[in-house]
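Visitor: After the structure tokens below, expect a handful of questions from me.
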Amino acid sequence: MKISTKWLQDYLDLLVDPQQLAEKIERTAVEVDQTYCLSDGLKGLVVGYVSEAKPHPDSDHLNICQVDIGKAEPVQILCGAPNLQAKKKVIVALPGARIANNIKIKRAKMRGEISDGMICSLQEIGFSDSVVPKEFANGIYFLPDDAQVGNSVFPYLGMDETIIDLDVTPNRADMLSMRGTAYELAAIYDQQLHFKHPNVKEDPTTSINDLLTVEVDQKLAPTYLMRVIKGLKIKASPLWLQKRLWNAGVRPINNVVDVTNYILLDYGQPLHSFDFDQLAGKQLKVRLAKDGEQLETLDEQQRKLRAGRDIVIADARGPVALAGTMGGLRTGVTDQTTTVALEAAVFDPSRIRKTARRHNLHSEASMRFERGINPATVAEALDAAAEMIAELGDGQVVAKQLTATQKPAQTVKIAITLQKINAVLGTELSADTVTDIFQRLGFEVAEQKGNYSVTIPSRRWDISIPADLIEEVARIYGYDNLPATLPSGELIPGHYTYQQKIIRQVRQLLETAGLDQAISYGLTTTQKASRFMMEPSEATELSFPMSSDRTTIRMNLLSGLLDDVAYNVARKVKNVDLYEEGRVFYRQCNQERPREVEHVAAAMTGEFINGSWHEQVRPVDFFVIKGIVEFLLTRLGATKVRFEKASGHEEMHPGRTADIYIQDEFVGFVGEVHPAICAEYHIDRTYVFELDLQKIIDLPSQAEVFQPVSKYPAIKRDIALAVDQNIENSKIVSYLYAHGGSYLVDIHLFDVYRGKGVMPGKKSLAYELTYQATDTTLSDEIVNTDFDHVVDRLQSEFKAVIR
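If you read the sequence shown in numbering that gives the first Met the number 0, its first letter stands for residue 0, the second for the next number, and so on.
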């Protein structure tokens, strides 16, 4: 919001340096982006009068002009502007002058003729293309006839006004207007406001109710008012109005459109003007768009309306405006317009926001409807606009204001105590001081023994609870005046929770194992979110996703890791070892919000060990990533860990995937990604695991205890068993530990064989069993007894044949 300090003088007697004013606003109300004058850095620009203009004999576009600049003799200036005219007052940059971009003007000679300066366009002296009136967009600017020749052009163009550009936050939408900002500054500087209020002179011969009928759905537009102004002449606005608009960043158009924009800036109330003669049936209806309806908006774009979503203003032929966003071209004000129907309303902010986003039509009007409109000044703003349009267009305001709907402005009463205010702010303010602050803000206040009842006017819809009032007191009293104290209390050393310690330990262990941490997006597609799931869950989708790739909250970590693997592989990085620790989101069908669960996952592809002259290449395979899982779980103190052949994981290879259990609790899976999924991501064989870290944290664990190495020798025994192919190694190992005796300390599978000498359907598994005691030297007799006992049990339990 660009605030002109000169415009503010209409409402306040502020004799404050603009830089100090900007700093005060920033310290008290909202942030200030910048403070500037359009004349900054410019000099030597004066009013000139083109007394004569004739074509240059050696040029097809240059003109030789005699320009009066208030000196004894006119100066000769060459100008190539297509709209150059004699007998007009123009902007002249004299030799030595500085124009936009710090360009210095010099006396020059062009095609044999001397040019003592330059006749300038608005763009050449620093105006943005977006605010230059269209009639002067491609040429020089003509100053008003009453401009004094030889005087500086800055006052005539409003370039001597200081502009304070406010970055208004959504909660302070009341400052998106000159009057709202004036209220704020009046409170800050303890001044009285002097607003002018409209006094509409109506034509009693005609009533608006005889000209127009309006039907409004009150849910869509709680307030909807209209005025009609007839007998208008559409023409350019006076210069004072144009100056205020372009200093606020708005392009002047004509006297009707300019007034609606002026009232928008002054009151913060968006208005819309219709060409009354183009309204079919002389009726309007505020409703939701219907199936198949389209609207050509003022920017000449044909827009398909969203049935049941977009609020439209419609006449007998169909939509004529997107409510609160942009008008339609069919009923727009043109040079032939003589009667204007003027609309002032308050629309449903949620629908306006969605419509503006859906059609990419974010405007000054839609922004104000989204953030809030002061319902108390809707009618006054409409009257002020009607009065001004009639005055500037030589027209007449039709009698009466049409009220289709009008929701009364509501005030809010808040109770608060002086004790509470001082306790929160750490101050010792008196009751009179706090009362004065509330009154300066324009609040009605009743105080009795430190108990306040404060009535908030409708223009401050951001205030609704006692904490808001405390903030208002702090702002106006001055944040710099609040006492500064150091925090007091017993200092307690901080520490991580048990869960935080485990999470950090997991990251450290996986990095120790050679993996790099990855951080993936928490949002993905519904298809990817639903893969690799470890429990049934409903997808949680965003109502308004920013892109089609980020629509659903993830329910696994592996999809994100596979995206990361694919990204690296596409860039010729073949060896990728990544892990991620983060949360996934599960939601049951009867839940509104998902449940957050800590997970950890990893993805590996390529070579785990690069080959060299003394070391063989070790590609990533199932046993590499299974070993990392075993290392991780062992160091976390997990007990009774087992791996079982998995089924039901559609995204995993059916024969190379294992489910992971801790104490009979399913905690995750490990294995090779299904070839079809790898082909989708354009990656080679990839091995992954994903664990429910929350379950691992919650399960009882065994603290890692370090024991001294036994000083007594170990005894080893080898055994080869022929068993059925469907018998898993893990079951045999578990059985050996359970029945192998108290001195069995290690079991090592050193050979797996199928082929000659082994019956069909059988496989040979060869184990090395290590026996060792910590307090004595074992004898062969003790070891043989335990060994023979477990061998006999294996033969009966697994129908094993000793080879």
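Each residue gets a CB set at the ideal place from its N, CA and C atoms; glycine is no exception.
Bear in mind that the values here come from a model prediction, so they are computed numbers and not experimental data.
For residue 511 and residue 527, I'd like the C-alpha separation in whole angstroms.
Guide: Looking at the two C-alpha atoms, the distance is approximately 29 Å.
Visitor: Which full runs of the alpha helix (DSSP H) of 4+ residues lie inside the segment 221-267, going along the chain?
Guide: Those alpha helix (DSSP H) runs which fall completely within the segment 221-267 and span 4+ residues are 238-246 and 254-266.
Visitor: Using 10 angstroms around the beta-carbon of residue 30, count the other beta-carbons present and answer buried if the total reaches 16, otherwise exposed.
Guide: Exposed is the call here.
Visitor: By how many angstroms is the C-alpha of residue 41 removed from the C-alpha of residue 51?
Guide: If you take the alpha carbons of residue 51 and residue 41, they lie about 27 Å apart.
Visitor: For residue 799 and residue 789, I'd like the C-alpha separation in whole angstroms.
Guide: Roughly 12 Å between the two C-alpha positions.
Visitor: Three or more beta-carbon pairs under 8 Å between the segment 423-433 and the segment 464-476, yes or no?
Guide: Short answer: they touch.
Visitor: Check whether the segment 739-750 and the segment 692-700 touch, using three or more Cβ-Cβ pairs below 8 Å as the test.
Guide: With a cut-off of 8 Å, the segment 692-700 and the segment 739-750 do not count as touching, because too few Cβ pairs lie within range.
Visitor: Residues in the same chain with beta-carbon distance under 6 Å from residue 53, minus the five sequence neighbours each way, listed in chain order, please.
Guide: Cβ within range, chain order: 63.
Visitor: Would you list, in sequence order, the uninterrupted beta strand (DSSP E) runs of no fewer than 3 residues that lie entirely inside the segment 5-39?
Guide: With a minimum length of 3 residues, the continuous beta strand (DSSP E) runs that stay inside the segment 5-39 are 30-36.
Visitor: In the DSSP output, what is residue 202 paired with across the bridge?
Guide: Looking at the DSSP assignment, residue 202 forms a beta bridge with 397.
Visitor: Ignoring anything shorter than 4 residues or poking outside the segment 76-145, list the alpha helix (DSSP H) runs there in chain order.
Guide: Listed in chain order, nothing qualifies, since the segment 76-145 has no complete alpha helix (DSSP H) run of 4 or more residues.
Visitor: Residue 712 to residue 791, Cα distance in whole Å?
Guide: About 26 Å.
Visitor: Is it a yes or a no for the segment 20-36 touching the segment 154-174, going by three-plus beta-carbon pairs under 8 Å?
Guide: The segment 20-36 vs the segment 154-174: in contact.
Visitor: Per the DSSP calculation, residue 302 is bridged to which residue(s)?
Guide: Looking at the DSSP assignment, residue 302 forms a beta bridge with 294.
Visitor: Report the three-state DSSP secondary structure of residue 73 (helix, strand or coil).
Guide: If DSSP states are grouped into helix, strand and coil, residue 73 belongs with coil.
Visitor: Enumerate in chain order the residues of its own chain whose CB-to-CB distance from residue 594 is below 6 Å, with the five nearest sequence positions on each side excluded.
Guide: Same-chain partners within the cutoff: 585.
Visitor: Going by C-alpha to C-alpha distance, which of 285, 235 and 228 sits closest to residue 141?
Guide: Residue 235 is the option with its Cα nearest to residue 141.
Visitor: Within 10 angstroms of its Cβ, does residue 801 collect 16 or more other Cβ (buried), or is it exposed?
Guide: With fewer than 16 Cβ atoms within 10 Å of its Cβ, residue 801 is classed as exposed.
Visitor: Can you name the start and end residues of the beta strand (DSSP E) that residue 598 belongs to?
Guide: Residues 594-604.
Visitor: Across the segment 518-527 and the segment 568-586, are there enough close Cβ pairs to call them in contact, namely three or more that are closer than 8 Å?
Guide: Result yes; three or more Cβ-Cβ pairs closer than 8 Å.
Visitor: Here's the rule: buried if 16 or more other CB atoms are within 10 angstroms of the residue's CB, otherwise exposed. What is residue 543?
Guide: The residue in question, residue 543, is exposed, as its Cβ has fewer than 16 Cβ neighbours within 10 Å.
Visitor: Buried or exposed: residue 617, going by 16 or more other Cβ atoms within 10 Å of its Cβ?
Guide: By the 10 Å Cβ count, residue 617 comes out exposed.
Visitor: For residue 411, write down the residues that DSSP places opposite it in a beta bridge.
Guide: Partner(s): 455.
Visitor: Is the number of C-beta pairs between the segment 767-774 and the segment 713-724 that are closer than 8 Å three or more?
Guide: Contact between the segment 767-774 and the segment 713-724 is present, because at least three Cβ pairs lie under 8 Å.
Visitor: Which residue wins for smallest C-alpha separation from residue 534, given the options 778, 694 and 150?
Guide: Among 778, 694 and 150, the Cα nearest to that of residue 534 belongs to 694.
Visitor: Would you please verify whether the beta carbon of residue 612 is less than 7 Å from any beta carbon of chain D?
Guide: No chain D is part of this structure, which consists of one protein chain only.
Visitor: Residue 571 to residue 680, Cα distance in whole Å?
Guide: Cα to Cα, the separation comes out at about 14 Å.
Visitor: Would you list the one or two residues that DSSP bridges to residue 566?
Guide: According to DSSP, which records beta bridges pairwise, residue 566 is partnered with nothing at all.
Visitor: Go through its chain and collect everything with a Cβ distance to residue 732's Cβ below 6 Å, but skip five positions before and after it.
Guide: For residue 732, where only same-chain residues beyond five positions count, the Cβ hits under 6 Å are 746.
Visitor: On the CB-based measure, 16 or more other CB atoms within 10 Å of its CB, does residue 6 come out buried or exposed?
Guide: By the neighbour-count rule (16 or more Cβ atoms within 10 Å), residue 6 is buried.
Visitor: Quick check: residue 269 and residue 364, are their CB atoms within less than 7 Å of each other?
Guide: Contact: yes.
Visitor: Check the C-beta distance from residue 395 over to residue 389 and give it rounded, since I have them as a contact under 8 Å.
Guide: So it is a contact: roughly 6 Å between Cβ atoms.
Visitor: Provide the residue span of the alpha helix (DSSP H) that contains residue 631, from first to last.
Guide: That run of the alpha helix (DSSP H) goes 621-634.
Visitor: Could you say if the segment 616-630 and the segment 500-514 meet the contact criterion of at least three C-beta pairs nearer than 8 Å?
Guide: Counting Cβ pairs under 8 Å, three or more are found: they touch.
Visitor: In three-state terms, what does DSSP make of residue 738?
Guide: Three-state DSSP puts residue 738 in a helix.
Visitor: If we ignore side chains and look at the alpha-carbon of each, how far apart do residue 146 and residue 460 end up?
Guide: Cα-Cα distance, rounded: 45 Å.
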